[in-house]
Each structure stands twice: as structure tokens, then as C-alpha cells.
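In my numbering, the protein residues as written are 11 to 225. By construction, the Cβ of each residue, glycine as well, lies at the ideal position given by its N, Cα and C atoms.
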């Protein structure tokens with residue numbers, strides 16, 4: 011389950027994948043987060059807006075209550091401007107994260123490519139997935155969190171926001187804020203079941219098997 015660094019001179023053979031798929035493996039789904047849902051659920055834009063409005067309203071109320079009018083109105087305006095600027099920065103960060111992210115589901119694994127300053131690639135074979143948890147946000151976009159083996163060497167901070175919130179030890183990689191998450195989760199479950207129950211085929215040449223039997 012490699013967690014690879016990005017090479018600026020490396021061209022992806024398929025968008026979102028570090029290399030061409032092996033023979034027999036197929037892409038079932040590709041997608042990326044909704045930047046609006048990501049801004050709300052991961053970057054807390056609504057919390058920033060609520061706090062800003064609360065502080066600004068408090069200063070306006072203070073002005074009506076007899077406090078110095080000009081000073082309190084000026085402070086309310088300054089709070090609104092600062093809060094609006096911070097919300098805009100968070101929205102921009104969410105948009106950049108969504109633009110640089112590609113989630114891929116194949117017949118054998120989940121691949122996550124993400125990162126703005128430094129691109130990371132996380133490949134998770136179905137054999138390492140113990141459980142998948144689906145949650146649907148208020149926007150309708152959903153998150154699929156993956157409980158995997160061998161997650162102890164993965165960094166929650168470097169993988170954020172593509173993780174299950176507040177699950178740090180071990181962290182759980184997550185397909186965050188994707189449209190049609192329920193359908194994707196069903197597709198993941200069916201693909202994993204098919205891959206893990208597929209029979210193993212012994213490709214030993216017939217002549218070698220005959221020689222072994224003769225011995």
C-alpha cells in the first residue's frame with residue numbers, strides 16, 4: 011500500500027493513477043470531492059460565517075445599547091470584512107483540494123491521488139479493507155471511510171482532509187464529499203466481494219504437473 015510522492019516530470023498514464031493498470035484490472039468509477047461540500051464539512055466555512063455574524067451583531071447591539079456608535083459600527087464592519095476574507099480563503103483552499111483530487115475505484119483496489127502543495131498517491135488493495143463506513147452530509151454529498159490494515163504508518167495530517175474526521179489512531183482514509191456516495195459504496199462492496207471470493211487459478215504447466223505426479 012504505497013504512499014508515494016509526486017514527481018513533477020512524471021505523466022500519469024491514466025488521470026489519478028500512478029501507472030497503467032495490470033491486465034485484467036478495470037476502472038469501475040472515478041470522481042472527486044464537491045468543493046462546496048468540502049468547504050462546509052472539512053474546512054468549516056459555515057462555522058466561520060456564524061462566528062463572524064455573531065461577533066458583528068454583538069458590536070451592533072452594543073452600539074444601539076448606548077456604547078460609542080461610530081467605534082462599534084466600525085468594529086462590526088471590520089469583523090465582517092475579516093470573516094468574509096477568511097471564508098473566501100477557506101473556499102479557495104477547498105476548491106484547490108477538490109481540483110487536485112482524483113478518487114479511483116477499480117476491480118482490485120481503491121486509489122486516492124490528492125494534495126495541493128505536495129501530491130500524494132495512496133493505493134489500497136481490497137484485501138486490506140476491513141470495513142467501509144458511509145455517511146451522507148446535509149448537502150447530499152457523502153463520505154466513504156475505509157478501515158484498513160497497516161494504517162499505522164500513514165499520516166493523518168498529510169492525508170487531511172481525505173480522512174475520516176477525528177479518527178487518528180489509526181487513521182482511516184476517506185473518499186470525502188463525493189456525489190452519489192451511496193452508489194459508489196455499493197459498487198465498492200460488490201467489487202471487493204467479487205475480488206476476494208474469486209478462485210485462485212493454478213497456472214502450473216501441464217507437463218510440470220505430470221512430472222511431479224510421476225515422481
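Listed as beta-bridge partners of residue 148 by DSSP are no residues whatsoever.
Around the C-beta of residue 45, 16 or more other C-beta atoms lie within 10 Å, and the residue is accordingly described as buried. Per the coordinates, the alpha-carbon of residue 26 lies some 8 Å from the alpha-carbon of residue 121. For residue 153, the closest C-alpha among the options 70, 159, 67, 143 is that of 143.
Using a Cβ distance threshold of 8 Å, residue 58 and residue 100 count as a contacting pair. Residue 178 sits in a strand when the DSSP states are folded into three classes. Here residue 51 is buried. Its C-beta has 16 or more other C-beta atoms within 10 Å. Between residue 183 and residue 134, the gap from beta carbon to beta carbon is short of 8 Å.
The beta carbon of residue 65 sits closer than 7 Å to those of 89, all from its chain and outside the five residues before and after it, given in chain order. If you draw a straight line from the Cα of residue 166 to the Cα of residue 107, it is about 16 Å long.
Residue state for residue 133 is assigned as strand, using DSSP reduced to three classes. Residue 126 sits in coil when the DSSP states are folded into three classes, being neither helix nor strand.
Counting C-beta pairs closer than 8 Å gives fewer than three between the stretch 68-81 and the stretch 181-199, which falls short of the contact rule. Proximity to residue 161 across 148, 141, 149, 151 peaks at 141, based on C-alpha coordinates.
Remark: C-beta atoms of residue 38 and residue 117 approach each other more closely than 8 Å. Counting along the chain, residue 37 sits inside the beta strand (DSSP E) bounded by residues 37-41. Setting aside the 5 residues that flank it on each side, residue 22 has no residue in the same chain whose C-beta is closer than 6 Å to its C-beta. In its chain, beyond the 5 residues on either side, 138 have a beta carbon closer than 6 Å to the beta carbon of residue 159. Taking each of 195, 86, 129 in turn and checking the Cα distance to residue 111, the smallest one comes out for 129.
Residue 164 has its alpha-carbon roughly 29 Å from the corresponding atom of residue 150. When 86, 113, 49, 114 are compared, the shortest CA-CA separation from residue 70 is found for 86.
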